[in-house]
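*Asks:* Can you keep this structure in mind? I'll have questions shortly.
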Amino acid sequence: MSLFKARDWWSHTIGSDDGFDQGSLCVANIDNNSNHHDKVIVGGFNGVLRIYQPRGSQGEANKAEAVLLEMQLPQPILQAEAGRFVSVSEKLHLAVLHPRKLTVYSVSGTAGAVEHGSQYQMKMVYEHNLQRTAFNLVVGPFGSVKGKDFLCVQSMDGTVSFFEQESFSFSRFLPGFLLPGPLRYIPRTDSFVTVSSSWQVESYKYQVLAVATDVKTKEESQKITSGKRITMDWSYSLGEAALDIVVTVSAQGATSIVILGERSIVCLKDTGALKFMKKLEYNPSCFFPHGTSSESSITYMVATHTRQLMIYQDTTLKWAAKLEYVPVSIRVGQFQDLKGVITSIDDQGHLVCSYLGTDPSLFVTPSTDSREINYEEQDLEMKKLQRAIKESASKQDFAPKKTVDEDFQIEVTVPPNLDSTSVYKYFTEGARSATETEVEDDDPIPSITVKLVLKTSVSLPNVRLLIHCPYPISVNQSTFTFPFIGDSSAPTSVLVSFFLRGNSLPASLTASAMATYTTSKGAPRVVRSKIELPLKLVVKPCPPVKTATYKITIDSNKNAANLNDVFPDLLGPSAGGPGQALGFQIIGGPKVTILASKSSQRYRLQSDVFESMWLVIRSFLDRIQSFQRRGGAKDFQLSYGGIVPLTEYFELIDTHLELRINAERYKELLDQRARQFRAIQRRLLTRFKDKTPSPLANLDTLLDGTYRQILKLADGVEENHKALVRCSLGLSCATHMIVTIIKLANNMTDKESEILHSSLMPHVPCDGEQGWEEAVDASISNLLRTCLAKKALDQAVNPTPLIMPSDSTRLKKHISQLCERLSKGARLYMDGQAPAEKRSGKSEGVVRPSSSTSRDFSVESTTPDKSKRLDFRKSSQLSGLGDAEPNPSPAPLSNSQPPVSFPPGIEDLPSPGAETNGTLSKEEVPSSPAGGTMLGDLPSLGGPGVRGTSLPPLGAPGKLCFKFVTITYMK
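Residue numbering for the sequence shown is 119 to 1089, as defined by my numbering.
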């Protein structure tokens, strides 16, 4: 029980069948009794109007006598107000607002001659039919009239209709209206104040509203459709939605506007100036002024959704009381010579008249039973607690353990065979252009359908399943929504099909399924499950290739296995052979060959594209280890005895960085040409607006040439981004290979491999501000300064900022140092781990020859021309910018060198002559990134550095550049 509780003086429950809101409560001497006691008028949404006279005693007879009148009205009651609404009488009358009607009633009581009491009647005086749906009602002496009250009805569409008692006056539209808000009348300034849907407090003079009529239609009517724009008197930015507005007048006559917001209370002067503001830490429901003191301060009450009543004097909290219900409307009245009675009603019809006071608690805490203390048991308990505290403090792992949510599971079933009819065909039939179906292959593109089963032991609503697969693999449907799951006998299952869609090398075959749901306690949960796709989804068998550019030899401590037993699902033309050579081809891409040595314990993988071997190497390592385990080999080990192929890896890094730099240059040039285009537009508009015609001075030609340059640059940005995506995937594959080769070459543990994997970051992003090169350089530099440091001087090197480098020299140097120190026996360990002992140069039990010859393998291999690797997907990468020979290594350009040429369509533009007299100033024509005013200085994007791409350069050398001359503009 709360000590500070609003003490009930009189209460009544109307019933839950009716609904009540902010305008449902009115307290006034509506029957004009000579004792000046107030009555409580309540109107509900079901149309029943009730009038009560509260009495202090709570007997049943007094409760019955408290109900003075109860009448059923034809429409729902939105608001009830008391005022002098009849022209021939100065008595108080009752105005009742319905959705389509405004009615004024007179309430009178006749004293009874017998003990049954008085009789009350309510008669309609007049009514106004409304043409628009009403929202709220405002009453007051509009126009500063004496002894009368007029009525104003705000509609749902922003129309305010004024009624001078029995007659209609006029209607006006409020400007910028979207949703209706609270509306009040200020008598001193004869104006109205409201809060608009833009969260601004706006004030409108009554005189301005009255004269803002349409000149064409002098007659006033509620059926207005247009009118003059109304000018507001003042406005104040509230910044939040308003719940209610009250206007108070102090003893000195100062008027204040108090606004109740969702999170604050704001008090303004009648001129719009701020008096004070109070931030609230709770959600208010309603408020009302409690009265005014002799000073200039304002006392008001605020009811909250936590059933509390706060009494404030300006911004100071003076009293707080506990309520039984959450009121929607609150008023102050005088009943039986008791002033300041707080009357409140909630949305369920609980009507309460209360006053502020204290209600002391009668509960007395009972005395505890005395008992003897057993000191031996206390000592044992203390030792037990100290032991538990010591054990918990000694643990290093303070992170919370991940608990397995057994209520929801995703079971993944990947079939052993591909689909008999590929989904790819039906999924790409509606493709609008060839760019949507990038894969080009002689055989049909395969697909595989995976079954996902959602199992749960409890009922879960609104479960959403998301499927994510790495590019270039695609899925036929990525989002599923289940309104309800929970039948354990028939679990929910879905079928999703995966296929290769993008024309790039896939870096991963792991897709993920993620389900999001909400528990019964309202906590959000996420369940993830991996989907391991088979290699044959992106690889098909082909005859082995004898010649290859890149070769990787892997050693083992067991005899070479039969490759037909290792890859039984990818035999193809090699089925039934000796099993010493297998050929694979990436769908729409290069070929990869695996060779098993006849006489030694070695395997060789070779291909014309270095990064294309990653998926085959990964699958081979997993399959050969599983095959040897099934054969009973417990000590089977793999190793790499050759040199880490960093040269090929560095070529990909250079290409990736080159494409990133070109992307930035493209953006700079595009921004420059866009600003130049706007500058030319301004000049042309000035010429066209001039009353005296003047020559254009070739500005139209300059505008057309700039526009065509913008189009060509935009095409270049798009083509460069496509090449960057393909190169990022190739670099991801190559990084995976380098991590795997370093692990095999140095016999690294799983923890060391994880550190190396997180440092080299095989996932190469193609978007974002932070690029792959600077992130990898920072992580490797940290390893070289910590666990791989040779001396104390290496630890003192300051880290470099994470900005895009101009070249990859520093990164390649650090990668080389990393491989060198690992090959000399250095170990990788994180902070907090004990550094492991240095490994020896050779692994025990594994033969690591320094070189291998082609005589070890059954298929002879020669070293072909490296230019063959450029044929990979060359036809699919041609763009419409023109065909040109690729530039193998873009050299930096200076101002003294001639700039490179432009895309086709730009270099052949006519140059305006110097004899013209219009111009663009130097401030309006920005310089190029190299300092000149030409489009040049951007190197070619093509060349051997771009793996699998043949992106054309920006132009062919030897052509004239389009120069932008400076022309003097004469006013």
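We treat Cβ as the ideally placed atom computed from N, Cα and C, and that holds for glycine. Note that this is a predicted model, so its numbers are computed, not measured.
Do LEU623 and GLY690 have their C-beta atoms within less than 8 Å of each other?
*Replies:* At a Cβ-Cβ threshold of 8 Å, LEU623 and GLY690 do not count as neighbours.
*Asks:* For ASN580, does the count of other Cβ atoms within 10 angstroms reach 16, so buried, or fall short, so exposed?
*Replies:* exposed
*Asks:* Who does CYS471 pair with in a DSSP beta bridge?
*Replies:* TRP128, THR461
*Asks:* Of all the options PHE203, SER309, ALA841, which has the alpha carbon lying nearest to the alpha carbon of GLU284?
*Replies:* PHE203
*Asks:* What is the rounded straight-line gap between the Cα of THR980 and the Cα of SER934?
*Replies:* The pLDDT assigned to THR980 is 43, lower than 50, so where the model puts this residue is not dependable, and the model offers no usable value.
*Asks:* Between PHE260 and PHE268, how many whole angstroms is the CB-CB distance? I'm expecting something under 8 Å.
*Replies:* About 4 Å separates the two Cβ atoms, so the contact holds.
*Asks:* Does the segment 527-541 come close enough to the segment 558-572 that 3 or more CB-CB pairs lie under 8 Å?
*Replies:* With a cut-off of 8 Å, the segment 527-541 and the segment 558-572 count as touching, because enough Cβ pairs lie within range.
*Asks:* Look at ILE348 and VAL326 and say whether their C-beta atoms are less than 8 Å apart.
*Replies:* yes
*Asks:* Less than 8 Å between the C-beta atoms of HIS408 and ILE377, yes or no?
*Replies:* no
*Asks:* Any idea what DSSP makes of TRP890, helix, strand or coil?
*Replies:* helix
*Asks:* Could you name the residues that DSSP lists as bridge partners for GLY258?
*Replies:* PHE268
*Asks:* Does the contact criterion of 3 or more C-beta pairs under 8 Å hold for the segment 759-779 versus the segment 820-832?
*Replies:* no
*Asks:* How many whole angstroms separate the CB atoms of ILE585 and SER596, which I take to be in contact at a CB cut-off of 8 Å?
*Replies:* 5 Å
*Asks:* Apply the 10 Å Cβ neighbour rule to GLN272 and answer buried if 16 or more other Cβ atoms are within range, or exposed otherwise.
*Replies:* GLN272 comes out buried.
*Asks:* Could you tell me whether the segment 496-516 touches the segment 151-166, using the rule of 3 or more Cβ pairs below 8 Å?
*Replies:* Because the criterion of three Cβ pairs below 8 Å is not met, the segment 496-516 and the segment 151-166 do not touch.
*Asks:* By a C-beta neighbour count over all protein chains shown, 10 Å radius and 16 as the cutoff for buried, is GLN724 buried or exposed?
*Replies:* Buried, because 16 or more other Cβ atoms sit within 10 Å of the Cβ of GLN724.
*Asks:* Please identify the residue among LEU688, ASP683, ILE705, ILE704 whose C-alpha is closest to the C-alpha of PRO696.
*Replies:* ASP683
*Asks:* Skipping 5 residues on each side, what residues in its chain have a beta carbon closer than 6 Å to that of HIS130?
*Replies:* Around HIS130: LEU469.
*Asks:* What residues in its chain sit with their C-beta under 6 Å from that of LEU583, if we drop five residues either side in the sequence?
*Replies:* PHE598, ALA633
*Asks:* How many Å lie between THR227 and THR461 at the Cα?
*Replies:* The sequence shown places Gly at residue 227, rather than the Thr named in the question. Cα-Cα distance, rounded: 23 Å.
*Asks:* Which runs of the beta strand (DSSP E) at least 3 residues long sit entirely within the segment 686-746? Give them in chain order.
*Replies:* 699-704, 709-714, 720-725
*Asks:* Residues in the same chain with beta-carbon distance under 6 Å from PHE295, minus the five sequence neighbours each way, listed in chain order, please.
*Replies:* GLY276
*Asks:* Report, in whole angstroms, the separation of the C-beta atoms of LEU688 and PRO659, which I expect to be a contact under 8 Å.
*Replies:* 5 Å
*Asks:* Quick check: what's the CA-CA separation for ILE132 versus PHE288?
*Replies:* 38 Å
*Asks:* Please list, in chain order, all residues of the same chain as SER871 whose beta carbon is under 6 Å from its beta carbon, the five residues on each side excluded.
*Replies:* LYS861
*Asks:* Taking the alpha-carbon of LEU578 as reference, which of GLN370, GLY640, SER876, GLY451 has the nearest alpha-carbon?
*Replies:* GLY640
*Asks:* Given LYS654, which residues of its chain have a CB within under 8 Å of its CB, disregarding the five upstream and five downstream residues?
*Replies:* Cβ within range, chain order: LEU536, PRO564, ASP687, LEU688.
*Asks:* Please name the residue or residues paired with PRO1158 in a DSSP beta bridge.
*Replies:* Missing from the structure shown is residue 1158; the chain here goes from 119 to 1089 and no further.
*Asks:* When the Cα of ASP308 is compared with those of PRO300, ALA328, SER315, which residue comes out closest?
*Replies:* Distances from the CA of ASP308 to each of PRO300, ALA328, SER315 were compared; the closest alpha carbon is that of ALA328.
*Asks:* Would you call ASP868 buried or exposed, if buried means 16 or more other Cβ atoms sit within 10 Å of its Cβ?
*Replies:* exposed
*Asks:* CB SER415 to CB LYS397, shorter than 8 Å?
*Replies:* no
*Asks:* Provide the residue span of the beta strand (DSSP E) that contains HIS216, from first to last.
*Replies:* 211-216
*Asks:* Output the distance between the C-alpha atoms of VAL263 and ARG306, rounded to the nearest integer angstrom.
*Replies:* 12 Å
*Asks:* Nearest by alpha-carbon distance to TRP890: which of GLN746, GLY162, PRO534, SER846 is it?
*Replies:* SER846
*Asks:* Have a look at GLU892 and ILE363 and give me their C-alpha separation to the nearest angstrom.
*Replies:* 58 Å
*Asks:* Between VAL166 and GLN190, what straight-line distance do the alpha-carbon atoms span, to the nearest angstrom?
*Replies:* Between VAL166 and GLN190, the C-alpha separation is close to 4 Å.
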